[in-house]
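Position 58 of the sequence shown, counting from 1, maps to 43 under my numbering, and the rest follow consecutively.
Think of the CB as a built atom: it goes at the ideal place given N, C-alpha and C, for glycine as much as any other residue.
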Amino acid sequence: MPIMPDNDNSPEEPLVFVIIGKAYENDSDDEGVEIHVMLRAPDDDTAVREALNALAEEGFFQADLDQIGTLTDIPDEEPHASAYQGALEGEVSIIRFG
């Protein structure tokens, strides 16, 4: 029976993602609020899906997600440092600006 090599492209642990965008609380909300969403997920598709679900649970009507990336180090500044720790513990953290 052949042994399949490990896929080096898939990480051992889920990654901590940060998603940057703007969320809207209702359909007449033209301004929206700047947001950062931090969470742990196995891939970016799952991260986006979980972020959108969390935003909907928090009462946001719509979201425009502009950037997604992974964090390799613990952020130095609050509220991102606490959100990072929450993501490591399985939470989805939404940071609102404004």
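Test item: CB-CB of residue i and residue j under 7 angstroms
| i | j | result |
| --- | --- | --- |
| Ala171 | Pro(-1) | No information on residue 171 is available, as it lies outside the stretch -14 to 83 that the chain covers here. |
| Ile79 | Pro64 | no |
| Glu43 | Gly83 | no |
Residue from the options whose Cα sits closest to the Cα of residue i
| i | options | result |
| --- | --- | --- |
| Ala39 | Asp51, Ile53, Met23, Ala66 | Met23 |
| Asp15 | Gly71, Phe45, Leu56 | Phe45 |
| Asp29 | Leu56, Gly71, Glu62, Ala66 | Leu56 |
| Val77 | Thr31, Val18, Gly83 | Thr31 |
| Ala41 | Gly83, Lys7, Phe82 | Lys7 |
| Asn11 | Gln47, Gly71, Ser67, Ala36 | Gln47 |
Other residues of its chain near residue i: CB distance less than 8 angstroms, five sequence neighbours each side excluded
| i | result |
| --- | --- |
| Val33 | Ile4, Leu50, Ile53 |
| Ser67 | Ser78 |
Cβ shell of residue i (< 6 angstroms), same chain only, five flanking positions each side left out
| i | result |
| --- | --- |
| Glu74 | none |
| Ser13 | none |
| Ala36 | Ile4, Val22 |
| Tyr9 | Gly17, Phe46, Gln47 |
CB contact below 7 angstroms: residue i versus chain B
| i | result |
| --- | --- |
| Asp30 | Of the chains in the structure shown, none is chain B; there is only one protein chain. |
Cutoff 7 angstroms; reference residue i; Cβ partners in own chain excluding five residues on either side
| i | result |
| --- | --- |
| Tyr86 | Absent from the structure is residue 86, since the part of the chain shown begins at -14 and ends at 83. |
| Ala72 | Val1, Met23, Leu24, Arg25, Ser78 |
Opening and closing residue of the alpha helix (DSSP H) in which residue i lies
| i | result |
| --- | --- |
| Thr31 | 29 to 42 |
Where the beta strand (DSSP E) through residue i begins and ends
| i | result |
| --- | --- |
| Gly71 | That residue, Gly71, is in no beta strand (DSSP E); its alpha helix (DSSP H) goes 65 to 73. |
| Asp51 | 47 to 55 |
| Ile59 | Counting along the chain, Ile59 falls outside any beta strand (DSSP E), and DSSP gives it neither H nor E. |
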